[in-house]
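Here is the structure we will look at.
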Amino acid sequence: MEDQVKGAPEETRGHRKERVGVVTSNKMDKTITVAVEGVRQHRLYKKALKRTKKFKAHDEDGQCGVGDVVRIRETRPLSATKRWRLVEIVKRAD
Numbered sequence: 001m002e003d004q005v006k007g008a009p010e011e012t013r014g015h016r017k018e019r020v021g022v023v024t025s026n027k028m029d030k031t032i033t034v035a036v037e038g039v040r041q042h043r044l045y046k047k048a049l050k051r052t053k054k055f056k057a058h059d060e061d062g063q064c065g066v067g068d069v070v071r072i073r074e075t076r077p078l079s080a081t082k083r084w085r086l087v088e089i090v091k092r093a094d
């Protein structure tokens, strides 16, 4: 029992989803809205379709700006709509 660590770091937990997207809003306190774009293929016509999904993510320090490209990771529910946490800022907006 002594070998178990209480409050294990995130790296040892199960697989968590990660997404890369663009910050579309940072007007909330400690929260950003990230638009993640994906390409899907139409079932019948096989045409490539762009789909955009918005996620609310936790930004503890308020360091993101609109237009930044960021990486977010899935986490426990932080509020009614927030289930993602900011991992890193990939590229700052110009």
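When we follow the numbering used here, the leftmost residue of the sequence shown carries the number 1, and every step to the right adds one.
Backbone N, C-alpha and C define an ideal beta-carbon position, used for all residues, glycine too.
The beta carbon of arginine 71 sits closer than 7 Å to those of Glu18, Val20, Val87, Glu88 and Val90, all from its chain and outside the five residues before and after it, given in chain order. Checking the DSSP bridge columns, you'll see glutamine 63 has no partner listed. Per DSSP, the unbroken beta strand (DSSP E) holding glycine 38 starts and ends at 31 to 41. Judged by DSSP secondary structure, histidine 58 falls within the beta strand (DSSP E) whose first and last residues are 48 to 58.
Of the other Cβ atoms in all chains shown, fewer than 16 fall within 10 Å of the Cβ of threonine 81; this residue is therefore exposed. In the three-state scheme derived from DSSP, where H, G and I count as helix and E and B as strand, glycine 14 is classed as coil. A residue is called buried when at least 16 other Cβ atoms come within 10 angstroms of its Cβ; lysine 50 does not meet this threshold and is exposed.
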